[in-house]
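Contents: one structure, followed by commentary.
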Amino acid sequence: MGERPESARIPPVRRVRGRVDPVTRRPAVFLDRDGTLNEEVDYLSDPEQLMLVPGAAAAVAKLNARGIPVVVVTNQSGIGRGKYGWQEFAAVMHRMGTLLALEHAHIDAVYASPHHEQGQGEYAVADHPDRKPNPGMLLRAAEEHGLHLPGSWMVGDKAIDLEAGRRAGCRVALVRTGYGTQVDGTAADLVAADLAEAVDRILAQWP
Numbered sequence: 014m015g016e017r018p019e020s021a022r023i024p025p026v027r028r029v030r031g032r033v034d035p036v037t038r039r040p041a042v043f044l045d046r047d048g049t050l051n052e053e054v055d056y057l058s059d060p061e062q063l064m065l066v067p068g069a070a071a072a073v074a075k076l077n078a079r080g081i082p083v084v085v086v087t088n089q090s091g092i093g094r095g096k097y098g099w100q101e102f103a104a105v106m107h108r109m110g111t112l113l114a115l116e117h118a119h120i121d122a123v124y125a126s127p128h129h130e131q132g133q134g135e136y137a138v139a140d141h142p143d144r145k146p147n148p149g150m151l152l153r154a155a156e157e158h159g160l161h162l163p164g165s166w167m168v169g170d171k172a173i174d175l176e177a178g179r180r181a182g183c184r185v186a187l188v189r190t191g192y193g194t195q196v197d198g199t200a201a202d203l204v205a206a207d208l209a210e211a212v213d214r215i216l217a218q219w220p
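Each residue of the sequence shown is one higher than the one before, counting from 14 in the working numbering.
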């Protein structure tokens, strides 16, 4: 993987892009990445392996059209474990941006946590506040972008996504893509077949 020049490094939790206006506090939709936006691939590091979940791009475009901030919050223990680096992560996110743009969709901000109890060096943290189910990434996004968490939604395919959203004060939606079929949906405010259905139902009750 090699070393990256210092100017190109991505910090442990990074806002990759930001279109959100921090002046007006407003609710957002937080999205898990793997298994929610894109098909689940173990330790995804090759952009060519990235496949969006059918309907995901159109769902994001609907949120964009309503002016709702879309923020990705993703655990990336593969970085912490040394399976791939920030450069590979950035390449995958660039590919995702390209695929979303084909349907006039975009992600407003991306936060990633590489921390794991089996991580290496500074990433060897068993219960880092930024790693889901802890709500650190959502809290940081809210602080940096002026987001209203009680009016926001967290959408994901794992129990840790639901817990992170709850602990941040958001409403939570479970999708049955990725690992979602293995998760008890009773803790969710909404259970949907996929992101497309989840977004439609969220928008139907949006303030």
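Ideal Cβ positions, reconstructed from N, Cα and C, are used throughout, including at glycine.
It should be emphasised that the depicted structure is a prediction, and the values quoted were computed from it without experimental measurement.
Hey, quick one: how far does the beta strand (DSSP E) through residue 64 stretch, first residue to last?
-> As a first step, residue 64 is located in the sequence shown; it is residue number 51 there, counting from the start. No beta strand (DSSP E) holds residue 64; DSSP gives it neither H nor E.
Could you spell out the range, first to last residue, of the alpha helix (DSSP H) harbouring residue 87?
-> Sequence index remark: in the sequence shown, residue 87 carries index 74 (1-based). No alpha helix (DSSP H) contains residue 87, which is instead part of the beta strand (DSSP E) from 83-88.
Nearest-angstrom Cα distance between residue 125 and residue 159?
-> As a first step, residue 125 is located in the sequence shown; it is residue number 112 there, counting from the start. As a first step, residue 159 is located in the sequence shown; it is residue number 146 there, counting from the start. Residue 125 and residue 159: Cα-Cα distance of roughly 19 angstroms.
Can you pull the DSSP bridge partners for residue 47?
-> Locating residue 47 in the sequence shown gives position 34, where the first residue counts as 1. Paired residue(s): 51.
Hey, could you find the ends of the alpha helix (DSSP H) residue 166 is sitting in?
-> Residue 166 sits at position 153 when you count from the first residue of the sequence shown. Not the alpha helix (DSSP H): residue 166 falls in the beta strand (DSSP E), residues 166-169.
Can you have a look at residue 220 and say buried or exposed, based on whether 16 or more other CB atoms are within 10 angstroms of its CB?
-> The residue given as residue 220 occupies position 207 in the sequence shown. By the neighbour-count rule (16 or more Cβ atoms within 10 Å), residue 220 is not buried but exposed.
Distance, residue 129 Cα to residue 94 Cα | What you label residue 94 is simply residue 81 of the sequence shown in a count that begins at 1. What you label residue 129 is simply residue 116 of the sequence shown in a count that begins at 1. Cα to Cα, residue 94 sits roughly 8 angstroms from residue 129.
Grab me the residues of residue 37's own chain with a C-beta within less than 7 angstroms of its C-beta, minus the 5 sequence neighbours each way, in chain order.
-> To locate residue 37, count along the sequence shown from 1; it is residue 24. Only 159 meet the Cβ criterion.
Through-space distance from residue 103 to residue 71, alpha-carbon basis = By one-based count along the sequence shown, residue 71 stands at place 58. By one-based count along the sequence shown, residue 103 stands at place 90. So the two alpha carbons sit approximately 22 angstroms from each other.
7 angstroms CB neighbourhood of residue 64 in its chain, flanking five on each side removed | By one-based count along the sequence shown, residue 64 stands at place 51. For residue 64, where only same-chain residues beyond five positions count, the Cβ hits under 7 angstroms are 51, 52.
Could you check the C-alpha separation between residue 54 and residue 89 for me, to the nearest Å?
-> Residue mapping note: residue 54 aligns to position 41 of the sequence shown, counting from 1. Residue mapping note: residue 89 aligns to position 76 of the sequence shown, counting from 1. For residue 54 and residue 89, the distance between alpha carbons rounds to 12 angstroms.
What do you get for residue 141, buried or exposed, if any count of 16 or more other CB atoms within 10 angstroms of its CB means buried?
-> Here residue 141 refers to the residue found at position 128 when the sequence shown is read from its first residue. When all chains shown are included, residue 141 counts as buried.
For residue 190, is the classification buried or exposed, using 16 other Cβ atoms within 10 angstroms of its Cβ as the cut-off for buried?
-> Sequence index remark: in the sequence shown, residue 190 carries index 177 (1-based). Buried is the call here.
Rounded C-alpha distance that separates residue 265 from residue 215 = Residue numbering for the chain in the displayed model covers 14 to 220; residue 265 lies beyond these limits and cannot be assessed.
Which of helix, strand or coil does DSSP assign to residue 139?
-> Taking the sequence shown and counting its residues from 1, the one referred to as residue 139 is at position 126. In the structure shown, residue 139 sits in coil (DSSP, three-state: anything other than H, G, I, E or B).
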